[in-house]
Amino acid sequence: MADNEQAEDAVDAAESAPAPKRKLKLIIAAVGLLAIIGGGAATWFFFFRHHDEEMHAEAPAPKPPVFVDVPDMLVNLVGLPGERVQYLKVRVVLEVKEEKQVEAIKPTLPRVTDIFQTYLRELRPSDLNGSAGLFRLKEELTRRVNVAVAPTQVNAVLFKEIVVQ
């Protein structure tokens with residue numbers, strides 16, 4: 098029996114020795130197969146695929162904004178008693194997205210002018226100092242015009258001319 102056990106151990110040892118060689122061959126074959134598949138995929142990706150021309154439709158060009166002229170305004174600014182009176186002359190345009198909004202705003206232009214005049218007459222010369230003062234004025238006029246022409250939306254109030262004298 099001892100001879101049979103030794104013979105079986107020798108057979109098991111002989112069978113286990115070629116197993117690592119088989120595993121090595123199997124691993125090499127798998128890596129080669131993956132390399133061939135990866136190379137084929139890369140070739141298709143770079144040479145045969147249309148580079149996003151058919152997949153993406155071109156976006157429509159954005160429409161240019163439309164401008165509405167507001168009549169010129171000349172107002173006197175608030176000053177301290179005894180100081181000379183200063184005046185503000187302003188020419189502005191309203192920027193809207195579409196032409197149909199212009200037709201909705203034109204009937205309300207007297208209201209817009211009134212709101213602008215009322216606000217501008219309350220300003221002091223110091224309120225208009227520097228670019229920050231003009232920026233605040235532009236933002237406030239935009240807010241007020243949007244209230245006046247609601248539900249139509251004005252994107253911005255743009256200054257064509259502004260003179261403090």
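Just remember that the working numbering sits 97 ahead of the position in the sequence shown, which is counted from 1.
In this text, a Cβ means the ideal position worked out from N, Cα and C, and glycines have one as well.
> Going straight from the alpha carbon of ARG181 to that of PRO162, what length do you get?
Replying inline: Mapped onto the sequence shown, residue 181 falls at position 84. Mapped onto the sequence shown, residue 162 falls at position 65. Cα to Cα, the separation comes out at about 41 Å.
>> Within the continuous alpha helix (DSSP H) that includes LEU238, where are the two ends?
In response: Start at 1 with the first residue of the sequence shown, and residue 238 comes out as number 141. Run containing LEU238: 227–245, per the alpha helix (DSSP H) assignment.
> Taking just the CA atoms, how far does ARG208 sit from ARG233?
Replying inline: For the purposes of this step, residue 233 is taken as the residue at position 136 of the sequence shown. For the purposes of this step, residue 208 is taken as the residue at position 111 of the sequence shown. If I take the Cα positions, the gap works out to 21 Å.
>> Restricting to runs no shorter than 4 residues, where is the alpha helix (DSSP H) found entirely within the region 120–181?
In response: none
>> Checking 7 Å against the spacing of the C-beta atoms, do THR210 and PRO168 come in under that value?
In response: Numbered from its first residue, the sequence shown carries residue 210 at position 113. Numbered from its first residue, the sequence shown carries residue 168 at position 71. Yes, Cβ-Cβ distance for THR210 and PRO168 is below 7 Å.
>> I'd like to know whether the C-beta atoms of VAL172 and LEU185 end up nearer to each other than 7 Å.
In response: For the purposes of this step, residue 172 is taken as residue 75 along the sequence shown, with counting starting at 1. For the purposes of this step, residue 185 is taken as residue 88 along the sequence shown, with counting starting at 1. Their beta carbons are under 7 Å apart, which means VAL172 touches LEU185 by this criterion.
> Should LEU40 be labelled buried (16 or more other beta-carbon atoms within 10 Å of its own) or exposed?
Replying inline: Shown here, the chain extends from 98 to 262; a query on residue 40 therefore has no answer.
> Would the region 217–227 and the region 191–204 be scored as touching if the rule is three or more Cβ pairs under 8 Å?
Replying inline: no
> Fully enclosed by the region 183–225, which alpha helix (DSSP H) runs are 4 residues long or longer?
Replying inline: 196–202 and 206–217
> Smallest Cα separation from SER223: which of GLN183, GLY129 and ALA247?
Replying inline: Here residue 223 is taken as the residue at index 126 of the sequence shown, counted from 1. That would be GLN183, whose Cα lies nearest to the Cα of SER223.
> Taking the Cβ atom as the reference point for each residue, do ARG188 and LYS257 lie within a distance shorter than 7 Å?
Replying inline: Taking the sequence shown and counting its residues from 1, the one referred to as residue 188 is at position 91. Taking the sequence shown and counting its residues from 1, the one referred to as residue 257 is at position 160. Yes, the pair counts as a contact, with Cβ atoms nearer than the cut-off.
>> Can you give me the C-alpha to C-alpha distance between MET170 and GLU219, rounded to a whole angstrom?
In response: The residue labelled residue 170 in the question sits at position 73 within the sequence shown. The residue labelled residue 219 in the question sits at position 122 within the sequence shown. Their Cα atoms are separated by approximately 14 Å.
>> Distance check for GLU155 and ILE124, CA to CA, integer angstroms please.
In response: Residue mapping note: residue 124 aligns to position 27 of the sequence shown, counting from 1. Residue mapping note: residue 155 aligns to position 58 of the sequence shown, counting from 1. Each residue's alpha carbon lies about 47 Å from the other.
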